[in-house]
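Here the sequence shown is numbered in UniProt numbering, starting from 1 and rising by one per residue. Idealized CB from N, CA, C, for every residue including glycine. Remember, predicted model here, so these are calculated numbers, not experimental data.
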Amino acid sequence: MRCKRTLSFLLCFMLVIVVCIGRVGYVGLSNDFYVSSSYNSYTLLVDKRYPTVYDVRSALLTNASDRYVAVIKPDEKCLAELTKLFDTQEISDITQELKIGYPIVREIDAEKKDVTLEYIKILKCKVHYDTRQLCAHLISGVTGGVESHFSELFSQVSEMSVNYAVDAKGRLLAGDTGTVHNDGYASHRGIGLTVDREIQQIAENAMDTSRIEKGAVVITDVDSGAVRALCSRPNIDLTNVADAQNDFLNRALQAYSVGSVFKIVVACCALENGMDNVRYTCHGKIRVADTDYACQNTKAHGAETLKTALANSCNCYFVNLALKLGEEKLWQTAYSFGFGGETYLGGDWKVSNGVIDDKSLLASDGRLALLGFGQGRLSATPLMFASVVAAVANGGLYYEPYIVDAYVDDDGTRRRTSASAEPQGKRILSQTTAKTMQSYLEYVVTHGTGRAAQSSDGLSAGKTSTAQSGQYENGREILHTWFAGYYPSNDPKYAIVIMDEDGTSGGGDCGPVFRQIVDKLAADQ
Numbered sequence: 001m002r003c004k005r006t007l008s009f010l011l012c013f014m015l016v017i018v019v020c021i022g023r024v025g026y027v028g029l030s031n032d033f034y035v036s037s038s039y040n041s042y043t044l045l046v047d048k049r050y051p052t053v054y055d056v057r058s059a060l061l062t063n064a065s066d067r068y069v070a071v072i073k074p075d076e077k078c079l080a081e082l083t084k085l086f087d088t089q090e091i092s093d094i095t096q097e098l099k100i101g102y103p104i105v106r107e108i109d110a111e112k113k114d115v116t117l118e119y120i121k122i123l124k125c126k127v128h129y130d131t132r133q134l135c136a137h138l139i140s141g142v143t144g145g146v147e148s149h150f151s152e153l154f155s156q157v158s159e160m161s162v163n164y165a166v167d168a169k170g171r172l173l174a175g176d177t178g179t180v181h182n183d184g185y186a187s188h189r190g191i192g193l194t195v196d197r198e199i200q201q202i203a204e205n206a207m208d209t210s211r212i213e214k215g216a217v218v219i220t221d222v223d224s225g226a227v228r229a230l231c232s233r234p235n236i237d238l239t240n241v242a243d244a245q246n247d248f249l250n251r252a253l254q255a256y257s258v259g260s261v262f263k264i265v266v267a268c269c270a271l272e273n274g275m276d277n278v279r280y281t282c283h284g285k286i287r288v289a290d291t292d293y294a295c296q297n298t299k300a301h302g303a304e305t306l307k308t309a310l311a312n313s314c315n316c317y318f319v320n321l322a323l324k325l326g327e328e329k330l331w332q333t334a335y336s337f338g339f340g341g342e343t344y345l346g347g348d349w350k351v352s353n354g355v356i357d358d359k360s361l362l363a364s365d366g367r368l369a370l371l372g373f374g375q376g377r378l379s380a381t382p383l384m385f386a387s388v389v390a391a392v393a394n395g396g397l398y399y400e401p402y403i404v405d406a407y408v409d410d411d412g413t414r415r416r417t418s419a420s421a422e423p424q425g426k427r428i429l430s431q432t433t434a435k436t437m438q439s440y441l442e443y444v445v446t447h448g449t450g451r452a453a454q455s456s457d458g459l460s461a462g463k464t465s466t467a468q469s470g471q472y473e474n475g476r477e478i479l480h481t482w483f484a485g486y487y488p489s490n491d492p493k494y495a496i497v498i499m500d501e502d503g504t505s506g507g508g509d510c511g512p513v514f515r516q517i518v519d520k521l522a523a524d525q
């Protein structure tokens, strides 16, 4: 008898355990919601939102678009309203999905967001990336952009959810239409960049209508170093990062062979050292240490001054000039412009400016000759070179370019970084040198290789470049072509650098892009 009672007790105990396990399994199976610790509610996750990236005027660069979703509960009243939002096939799919017994979220067409509904909830959600996302390479974490370098901030995901009451068996209560909860979803938290959305759009449009397939544009404020636009091509679709067509390389921050735009640095060095009156007769090539260095197509330019040699991009003149200057002066000038250094874009985010030969190696006449016209072991990023032309344009001050302007709090308050609040310029050129160089760069556009960059108002200034890369494809050397300049020449505001990774000539590839950008900037003022 005693054994029977013990057996009955054990059977009852096991039954209780089975019921409990079944209850836990019933509660925990759905992926569309999570259960509160009190087991009296279901929470349906509607959307997740990441912090926002803003431009310098607090215009949205991410989370800039809206989408609308319907929150549908599995009851007859909601089912009756489906015809106002969905077609027959969609209704069939939704009805099948609702058989699990829990509410679901479905995106709807934006034009149906104002449809009158009593039981289905329509909620507005943010779209983090647009299909044609502005500043895609600069922003995205997959390209090593802002969201990567400020990962602690951008990992702070906020949520929108709907909470439903349930009975003891976990079933939705019939009369409960759900309560919307915004767990920080409406927060303004994020990062403010120095980029101006309108200028960025101008730069991207110019690249998209140009013949440049792989390249970059950088636009900076000449009086602060603030980056107003930075774009890389080919563009990427951040809504579909798995697309094989995506090219994640941010060419604006990559170092390339610079070629003749480096002649700006050599000319500045000559002016600073009182060698502005050097004359040279170009015969199309010059021999240094048993090696001939030639102008393009071995063209003989004849008698050249510093001004005309810059306009004609005469390699022979600048080889001769570099040898006269010597490695110490030329290397020091290049170093003051940032060559061989690093640029801090904001916080701990830094990028290499490129490379330059060690000063000791430039004691070789051959290496110094190459440096004179921007070849040899020398490279720079489009971003870094914007600071070179900016220093000429602003009267001789070097500003390190930067991208992060402010940290944005939950309430939208912008807390500016020290770099943006007090940009520190360092004098690297005398005002006299800068003024003379300005006249030279204007002359390049009016009388030299930069004619294609001339703006409609005649206020462009800059330098072209067609740099040998040392890289070959199908027996053809790949050329890195550039135009580096500023605008407007009578009151400089913007330093603008265009680079084509696989071009033909700086004037032909990049000059027209410069012109299109500055004409649009002028029209929008």
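Secondary structure at residue i, three-state DSSP: helix, strand or coil?
i: Val278; result: coil
i: Asn235; result: coil
i: Asn250; result: coil
i: His480; result: strand
i: Ile202; result: helix
i: Tyr440; result: helix
i: Ala168; result: coil
i: Ser58; result: coil
i: Ile120; result: coil
i: Ser379; result: strand
i: Cys125; result: strand
i: Leu429; result: coil
i: Leu521; result: helix
i: Gly85; result: It is worth fixing the name first, because residue 85 is Leu in this sequence and not Gly. Residue state, collapsed to three classes: coil.
i: Gly284; result: coil
i: Tyr317; result: helix
i: Thr220; result: strand
What is the rounded straight-line gap between the Cα of residue i and the Cα of residue j?
i: Lys520; j: Thr209; result: 13 Å
i: Thr417; j: Gln438; result: 31 Å
i: Glu342; j: Ser336; result: 12 Å
i: Lys77; j: Tyr119; result: 7 Å
i: Val278; j: Leu306; result: 7 Å
i: Val142; j: Val53; result: 15 Å
i: Leu193; j: Met207; result: 21 Å
i: Asn490; j: Glu501; result: 31 Å
i: Ser36; j: Gly144; result: Low per-residue confidence applies at Ser36: pLDDT is 46, beneath 50, and the placement is therefore not dependable enough to give any value.
i: Leu173; j: Asn163; result: 12 Å
i: Ser352; j: Leu370; result: 22 Å
i: Gly338; j: Tyr344; result: 12 Å
i: Arg23; j: Lys99; result: Because the pLDDT of Arg23 is 39, which lies under 50, any placement of that residue in the model is unreliable, and the number read from its coordinates should be weighed accordingly. Going from the Cα of Arg23 to the Cα of Lys99 covers about 19 Å.
i: Ala186; j: Cys135; result: 23 Å
i: Ile191; j: Val497; result: 25 Å
i: Glu97; j: Phe514; result: 55 Å
i: Thr466; j: Ser260; result: 7 Å
i: Leu45; j: Met160; result: 6 Å
i: Val444; j: Arg197; result: 30 Å
i: residue 531; j: Ile212; result: Absent from the model: residue 531. The displayed extent of the chain is 1 to 525, so no value can be given.
i: Tyr102; j: Ile91; result: 16 Å
i: Gly215; j: Ala322; result: 29 Å
i: Trp349; j: Ser140; result: 14 Å
i: Ile86; j: Lys73; result: Going by the sequence as given, residue 86 is Phe instead of Ile. Approximately 15 Å between the Cα atoms of the pair.
i: Val115; j: Leu82; result: 11 Å
i: Ser148; j: Ile428; result: 33 Å
i: Lys359; j: Gly284; result: 28 Å
Within the present structure, is the beta-carbon of residue i separated from the nearest heavy atom of the ligand COA by less than 7 Å?
i: Asp500; result: Among the components modelled here there is no ligand, and therefore nothing to report on the ligand COA.
Please look up how many angstroms separate the CB atoms of residue i and residue j, rounded, as I've assumed it's under 8 Å.
i: Tyr402; j: Gly346; result: 6 Å
i: Leu271; j: Tyr129; result: At roughly 47 Å, the Cβ-Cβ gap does not stay under 8 Å, so Leu271 and Tyr129 are not in contact.
i: Cys125; j: Asp75; result: With 8 Å as the limit, Cys125 and Asp75 do not qualify as a contact, their Cβ atoms being about 23 Å apart.
i: Val258; j: Ala390; result: Wrong, their Cβ atoms sit about 16 Å apart, outside the cutoff.
i: Met275; j: Leu325; result: 7 Å
i: Val222; j: Ala393; result: 4 Å
i: Gly475; j: Thr433; result: About 43 Å; that fails the 8 Å criterion.
i: Ile264; j: Val388; result: 6 Å
Based on the DSSP secondary-structure assignment, which residues constitute the bridge partners of residue i?
i: Glu107; result: Val69
i: Thr343; result: Val351
i: Asn63; result: Answer is none; Asn63 lacks a bridge partner.
i: Thr464; result: Phe483
i: His181; result: Ser161
i: Lys48; result: Glu159
i: Asp457; result: Looking at the DSSP assignment, Asp457 forms no beta bridge with any residue, so it has no partner.
*asked:* Does the region 241 to 252 come into contact with the region 434 to 453, if we say contact requires no fewer than three beta-carbon pairs (one atom in each stretch) closer than 8 Å?
replied: The region 241 to 252 is not in contact with the region 434 to 453.
*Sufficient close CB pairs (3 or more, under 8 Å) joining the region 201 to 220 to the region 47 to 66*: Flag = no, the region 201 to 220 and the region 47 to 66 do not touch.
*Assess, as a yes-or-no matter, whether the region 287 to 298 is touched by the region 362 to 374 under the definition of 3 or more beta carbon pairs within less than 8 Å.*
Taking one beta carbon from each stretch, the region 362 to 374 and the region 287 to 298 have 3 or more pairs nearer than 8 Å; the two touch.
*asked:* Using 8 Å as the cut-off, can you tell me whether the region 503 to 516 makes contact with the region 475 to 493, which would need three or more C-beta pairs spanning the two stretches below that distance?
replied: A contact exists between the region 503 to 516 and the region 475 to 493.
*asked:* Would you call the region 292 to 301 in contact with the region 313 to 327, where contact means no fewer than 3 C-beta pairs closer than 8 Å?
replied: Yes, the region 292 to 301 is in contact with the region 313 to 327.
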